[in-house]
Amino acid sequence: MLGARAEPGTACDEDVLLAGLERLLAEGVALDAADQRGLTPLHLAAMHGLARVVQRLLREGADRQARDALGRTPHDLAVLRGFVDVAAEFEPGRAGPPSLARFLRERD
Numbered sequence: 025m026l027g028a029r030a031e032p033g034t035a036c037d038e039d040v041l042l043a044g045l046e047r048l049l050a051e052g053v054a055l056d057a058a059d060q061r062g063l064t065p066l067h068l069a070a071m072h073g074l075a076r077v078v079q080r081l082l083r084e085g086a087d088r089q090a091r092d093a094l095g096r097t098p099h100d101l102a103v104l105r106g107f108v109d110v111a112a113e114f115e116p117g118r119a120g121p122p123s124l125a126r127f128l129r130e131r132d
């Protein structure tokens with residue numbers, strides 16, 4: 025769903041993605057399946073700043089240490105894109121500050 029070649033930061037309806045994710049989880053989808061770039065669903069959610077999708081994938085046991093073809097973890101991608109709130113999801117018990125990128129996207 026996220027790997028449809030959309031540019032990082034492209035607006036999407038996170039509720040729709042969560043509904044789709046619930047359906048896929050019910051079907052027993054492999055959480056750590058990677059595309060040709062080594063990106064897992066968790067990488068893609070982190071790259072797009074989708075905090076609730078990241079939370080759901082982590083609760084289901086997605087591999088937070090998975091590395092893409094360039095050796096980056098989902099946390100690395102969230103940091104690179106400026107999604108500090110998403111990056112904080114990878115550090116249990118620590119709430120990070122709101123993401124400036126998310127704030128700018130949501131104010132329109």
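Quick note on my numbering: the sequence shown kicks off at 25 and runs consecutively.
Cβ coordinates follow ideal geometry from the N, Cα and C atoms, glycine included.
Runs of the alpha helix (DSSP H) lying entirely within the segment 52 to 115, each at least 4 residues long, are 65 to 71, 75 to 83, 98 to 105, 108 to 112 in chain order.
Annotation: G44 to E113 spans about 21 Å, alpha carbon to alpha carbon. Taking every protein chain shown into account, the CB of G95 has fewer than 16 other CB atoms within 10 angstroms, so this residue is exposed. By the Cβ neighbour-count rule, R61 is exposed, with fewer than 16 other Cβ atoms within 10 Å of its own.
L101 and D56 have their alpha carbons spaced roughly 16 Å apart.
Nearest Cα to L74 within the set A93, P98, D59: P98. Using a 10 angstroms sphere on the CB of A93, the tally of other CB atoms stays under 16, which defines it as exposed. Non-local beta-carbon contacts of A58 in its own chain, meaning distances under 6 Å to residues more than five positions away in sequence, involve T64 in chain order.
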